[in-house]
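Down below is the structure, laid out as structure tokens.
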Amino acid sequence: MPFANFKVPEKTLTPQQKEEIVTRTTELYVEIYGERARNNTMVLVEEVTDGGWGIAGNVLTLAMLGEATPTDTGDA
Numbered sequence: 006m007p008f009a010n011f012k013v014p015e016k017t018l019t020p021q022q023k024e025e026i027v028t029r030t031t032e033l034y035v036e037i038y039g040e041r042a043r044n045n046t047m048v049l050v051e052e053v054t055d056g057g058w059g060i061a062g063n064v065l066t067l068a069m070l071g072e073a074t075p076t077d078t079g080d081a
């Protein structure tokens with residue numbers, strides 16, 4: 006079963022953007038493995054709590070990066 010796991014900062018994607026990630030990732034696996042992959046492809050979009058991620062040993066927050074959060078953050 007093809008599997009993709011996306012970890013993104015919490016509340017940075019709208020439900021529509023999450024849906025697009027799932028759809029386009031599934032289509033990519035179908036392109037690579039053929040139509041047989043469609044019904045077995047699992048895509049997981051995980052939201053990581055702000056401050057729960059970092060780069061090069063430094064904890065990062067959305068405020069540090071100057072990121073705005075989408076207004077529509079309900080679950081997809």
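In the working numbering, the protein residues as written are 6 to 81.
Glycine included, each C-beta is placed from N, C-alpha and C at the ideal position.
For residue i, which of helix, strand or coil comes out of DSSP?
i     : result
Ala61 : coil
Pro20 : helix
Glu40 : helix
With distances taken between CB atoms, is the gap from residue i to residue j smaller than 9 Å?
i     : j     : result
Ala14 : Val53 : The question names Ala, yet the displayed sequence has Pro at residue 14. Going by C-beta atoms, Pro14 is nearer than 9 Å to Val53.
Gly56 : Val50 : no
Pick out whichever of the options has its Cα sitting closest to the Cα of residue i.
i     : options            : result
Lys23 : Glu36, Val35, Ala9 : Ala9
Using C-beta distances below 7 Å, list every residue in its chain close to residue i, excluding the 5 sequence neighbours before and after it, in chain order.
i     : result
Thr31 : Arg43, Thr46, Val48
Gly59 : Leu65
Spatial neighbours of residue i within its chain, please: CB distance less than 8 Å, with the 5 preceding and 5 following residues excluded, ordered by chain position.
i     : result
Met6  : Asn45, Thr46, Met47
Ile26 : Phe11, Leu18, Val48, Val50
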